[in-house]
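Going down the list, the protein sequences come from chains D and A. Just so we're aligned, residue 1 is where the first sequence starts under our numbering, counting upward by one. Just so we're aligned, residue 275 is where the second sequence starts under our numbering, counting upward by one. No residue lacks a Cβ here, since even glycine has one placed at the ideal position from N, Cα and C. Being a predicted model, the structure only gives us computed values, none of them experimental.
Protein chains: 2
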Amino acid sequence: MVFAGQGDARRSMSLLWRAPGPPQVRPGPRPALSVDLIVAAGIAVADAEGMAALSMRAVGERLGRTAMALYTYVPSKSELVDLMYDHALAELPTGYDTAAGWRAAVTAWAEDLWEFYLRHPWMLQVSPARPVLGPNEYVMLETVLRALRESGLPAGVLRRVVGALTHLVRGAAQTIAETRRAPVETGMSDDEWWYARSALLQEVALDFTERFPVVTWMESEGAYRSEDETVPYLEREAREAFATGLGVFLDGVEAAVRRNDAGRAARGARGGAR
Amino acid sequence: MVFAGQGDARRSMSLLWRAPGPPQVRPGPRPALSVDLIVAAGIAVADAEGMAALSMRAVGERLGRTAMALYTYVPSKSELVDLMYDHALAELPTGYDTAAGWRAAVTAWAEDLWEFYLRHPWMLQVSPARPVLGPNEYVMLETVLRALRESGLPAGVLRRVVGALTHLVRGAAQTIAETRRAPVETGMSDDEWWYARSALLQEVALDFTERFPVVTWMESEGAYRSEDETVPYLEREAREAFATGLGVFLDGVEAAVRRNDAGRAARGARGGAR
DNA sequence: CAAATTAGTTTATGCCGTAAGGAGTTGCAA
DNA sequence: TTGCAACTCCTTACGGCATAAACTAATTTG
């Protein structure tokens, strides 16, 4: 039985896993480029100018070639992005010591991942839900799972916990990445921007405080306000928001672990005969 | 002091908050369209064909106009997307009863939001971090906060908890939205796809089980496998993953609430001064 | 040396957002 | 009533995008 598109799938999997490919010596001019060179150039463009600036032309130009030259090595732009995605993941650390418990290891993993996303914000524009199945994605998965397995939770729960963790990290990173991009694009500092916007809000939404009492209360409590230590405030706040969210979530995981251990003990005591 | 781009900001805020605008009777042919019509058409296109198919031409066509006609009402495509974003949010429920406790209310909110995103997957492609400040975004914020404030947590923590909750909901929704899109685009059922891919994986990554022992263990435990109740498996699994993640996180919030209450009691007992 | 095969270029197609200018419509002042 | 200003909407055009198709030039194999 042959499934539609399987040929393309085979090609893309071969690229991702760097399968040996066709024989080494072939007629024709020798290749001046390679998949790896192109992927590296793509990552360089995306790092420097963002995902929006990643075009086949831009990547080709960085290599002194035309856009079309890339198509000899890579079937399409979306394949290139997949390759960039998996390749970039390779720079993540992999060994987390679980001697101090799974929680410390998972926290370190999440923080490293967070910082990784801040170094490569374009990664956040590649949907993690799309099924690429590259080697480094598996390395990353293996890495968290190795730490988290120490918790003793059943496999199904582990899978879901990892999913939720990933969502948290990506969401937090996206918030801060956006925060960083904004002043560059609008030419306004965070403070200027906030000042202008809140002035506009008051102008345009006269009944704000009546319509949104709780939001107003939050603002009066200082939950949304820059505290006049202007420069790195939003950044610091975002970092803290991430730490808090992660901590709260892991508290929840710890609760689940306790329940699981208790359940296992009870089942064990009742007589292990299943 | 005048900030760069403030004029544009004023225009977009006026549109978002539907400020009265210029006088009603004016020379020139009477407008056949309106901002609301255009926003509705945009949402219709995005709902039906996805964000990728949302072009000014497509929206204009749905209204029997050219793309350029829209620019009389809306300054740019990105403004239109912002308006669509805020407008769509209006369909979210707003009143959650906290009589049964904040947790039930917050859970219901998160589930409604999740289903909302599944109805309008294109919303997930609009970054929530970007600052639009439309009225319905504030309504949504007010809604969660009203429920969550019952927990008694301080404002700063509330803000971060809401952020993390949003990340969880969006991440989970994105996963399932992608899962739904895939079979349509590739013409393969989930099962076919999985079968083809795992065959390819074995072909291309011969040492998979040695390189990824924990992942392999997870798979052997059935954590990633379709259980042969083929049809709605991935969907059901995604739903369950969301429920688990949300539950775990809220367990963590409950722990924070207990700590907070205990701290307040201690401080109170120590003598309420200050 | 000729044939086959390949790398890379040029050119072209059909999308996209949107700038510019023009045609037709309407309200108001003269 | 006429003329003008303000307005909506259209056509056309520009520069960008991914990529298909045809071509040139380099290189190995027979």
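Quick one, are the C-beta atoms of residue 177 of chain D and residue 433 of chain A less than 9 Å apart?
-> no
Neighbour flag for residue 376 of chain A against chain D, beta carbons, 9 Å | no
Is it true that the CB of residue 439 of chain A sits closer than 9 Å to the CB of residue 376 of chain A?
-> no
Residue 202 of chain D in three-state terms, based on DSSP = helix
Tell me whether residue 86 of chain D is buried or exposed, calling it buried when 16 or more other Cβ atoms sit within 10 Å of its Cβ.
-> buried
Same chain only: Cβ atoms within 8 Å of residue 33 of chain D, ignoring 5 sequence neighbours per side = 63, 65, 69, 70, 72 and 73
When Cβ atoms are compared, which residues of the segment 362-375 of chain A fall closer than 7 Å to chain D?
-> none
Going straight from the alpha carbon of residue 220 of chain D to that of residue 353 of chain A, what length do you get?
-> 30 Å
So is residue 208 of chain D in contact with chain A if we call contact Cβ pairs under 9 Å?
-> yes
Closer than 8 Å by C-beta to residue 139 of chain D: which residues in its own chain qualify, once you throw out the five before and the five after it? Chain order, please.
-> 89, 90, 92 and 94
Is there at least one Cβ from chain D nearer than 9 Å to residue 451 of chain A's Cβ?
-> yes
Per DSSP, what kind of secondary structure is residue 400 of chain A in: helix, strand or coil?
-> coil
Does the beta carbon of residue 160 of chain D come closer than 9 Å to any beta carbon on chain A?
-> yes
Straight-line Cα distance separating residue 238 of chain D from residue 287 of chain A = 25 Å
Compare the C-beta of residue 14 of chain D against all C-beta atoms of chain A and say whether one is closer than 9 Å.
-> yes
Taking DSSP as the reference, what is the three-state secondary structure of residue 208 of chain D?
-> helix
Quick one: what's got a C-beta closer than 7 Å to residue 97 of chain D's C-beta in the same chain, skipping five residues either side?
-> 105
Compute the distance between the beta-carbons of residue 248 of chain A and residue 396 of chain A, then report whether it is under 9 Å.
-> Lying outside 275 to 548, the shown extent of chain A, residue 248 of chain A is not represented and no answer is given.
In terms of alpha-carbon separation, which member of D:270, D:9, D:268 and D:209 lies closest to residue 132 of chain D?
-> D:9
Could you tell me which chain D residues have their CB closer than 7 Å to the CB of residue 416 of chain A, listed as they occur along the chain?
-> 212, 214 and 215
Helix or strand or just coil, what does DSSP make of residue 166 of chain D?
-> helix
Just reading off the alpha helix (DSSP H) that residue 98 of chain D is part of, what are its end residues?
-> Segment: none, residue 98 of chain D is in no alpha helix (DSSP H) and carries neither H nor E.
Of all Cβ atoms in chain D, is any one closer than 9 Å to the Cβ of residue 352 of chain A?
-> no
Is residue 409 of chain A buried or exposed, if buried means 16 or more other CB atoms sit within 10 Å of its CB?
-> buried
Buried or exposed: residue 28 of chain D, going by 16 or more other Cβ atoms within 10 Å of its Cβ?
-> exposed
Do you know whose CA, among A:542, A:326, A:535 and A:374, lies nearest residue 400 of chain A's CA?
-> A:326
Check residue 548 of chain A in the structure and name its three-state DSSP category.
-> Its pLDDT being 46, under 50, residue 548 of chain A is placed unreliably in this model, and the coordinates cannot settle the point.
Determine, using beta carbons only, whether residue 120 of chain D comes closer than 9 Å to chain A.
-> no
Please classify residue 388 of chain A: does DSSP put it in a helix, a strand, or coil?
-> helix
Can you tell me where the alpha helix (DSSP H) with residue 141 of chain D in it begins and where it stops?
-> 135-148
Figure out for me which residue from A:411, A:415 and A:479 has the closest Cα to the Cα of residue 20 of chain D.
-> A:479
Own chain, CB closer than 7 Å to residue 334 of chain A, minus 5 neighbours either side, in chain order | 340, 341, 343 and 344
Note down the Cα distance separating residue 278 of chain D from residue 533 of chain A, rounded to an integer number of angstroms.
-> One cannot answer for residue 278 of chain D here, as it falls past the ends of chain D, which runs 1 to 274.
Is residue 248 of chain D closer than 9 Å to residue 435 of chain A when the C-beta atoms are compared?
-> yes
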